[in-house]
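Positions in the sequence shown are counted from 1; adding 888 to them yields the working numbering. Step one of this worksheet: look at the structure below.
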Amino acid sequence: MQTPRPILAVLALLAIAAALVGGCSSSSKQSGGSLPDAATLLKQSSQATKNLKSVHLVLSVNGKIKHLPVKTLTGDLTTTPATAAKGSGTISFGDTDVDVKFVVDGGDLYAALSGDNYADYGPA
889 MQTPRPILAV LALLAIAAAL VGGCSSSSKQ SGGSLPDAAT LLKQSSQATK NLKSVHLVLS
949 VNGKIKHLPV KTLTGDLTTT PATAAKGSGT ISFGDTDVDV KFVVDGGDLY AALSGDNYAD
1009 YGPA
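And the structure:
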């Protein structure tokens, strides 16, 4: 049975990215201080999420983040009785936004980039 850690790590990273981006502002006011150390933040996130059995994730990105083509992501993940996930989102390919659906089944990621034709993208 595949360990759920890679998926939880991805969810933790997305949540961290959302929190950090959500905390950014275009205001000229000074913020309350520097950003937390990334290694510490990742370790704390890993500890906080390692015992989760299921999660519901909603992510929305305003603007563009380099190397993160996700604009929106909504999904559900479970680790019991086996790792599985299902959701949808909008990703950017160049200047085009594409609505996608995804499932994780048997440890593999399947995604439909158009319609309901799911393709196997390998281990999740």
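Where a beta carbon is used, it is the ideal one built from N, C-alpha and C, also for glycine.
Using only the heavy atoms of the ligand COA, determine whether one of them is closer than 7 Å to the beta carbon of residue i.
{"i": "Asp985", "result": "Among the ligands in the structure shown, none appear at all, so the ligand COA cannot be discussed."}
Report the rounded CA-to-CA distance for residue i versus residue j, giving the unit in angstroms.
{"i": "Ala999", "j": "Gln935", "result": "29 Å"}
{"i": "Asp1004", "j": "Pro924", "result": "41 Å"}
{"i": "Gly954", "j": "Ser976", "result": "A small correction: the amino acid at residue 954 is Lys; Gly does not occupy that position in the sequence shown. Roughly 21 Å separates the two Cα atoms."}
{"i": "Leu930", "j": "Lys938", "result": "12 Å"}
{"i": "Lys989", "j": "Lys952", "result": "21 Å"}
So, for residue i: in the same chain, excluding its five sequence neighbours on each side, which residues have a beta-carbon less than 6 Å away from its beta-carbon?
{"i": "Pro957", "result": "Ile979, Ser980"}
Can you round the beta-carbon distance between residue i and residue j to whole angstroms, since I take them to be within the 8 Å contact cut?
{"i": "Phe964", "j": "Ser942", "result": "As written in the sequence, residue 964 is Asp, which differs from the Phe given in the question. Yes, Asp964 and Ser942 are in contact; Cβ-Cβ is about 7 Å, under 8 Å."}
{"i": "Leu961", "j": "Leu947", "result": "4 Å"}
Quick one: residues in its chain with C-beta nearer than 7 Å to the C-beta of residue i, no 5 flanking neighbours on either side, listed in chain order?
{"i": "Asp1008", "result": "Asp996, Tyr998"}
{"i": "Val992", "result": "Ile895, Thr971, Ala972, Ala973, Ala1012"}
Within 10 angstroms of the Cβ of residue i, are there 16 or more other Cβ atoms? Answer buried if so, exposed if not.
{"i": "Lys959", "result": "buried"}
{"i": "Val986", "result": "exposed"}
{"i": "Thr967", "result": "buried"}
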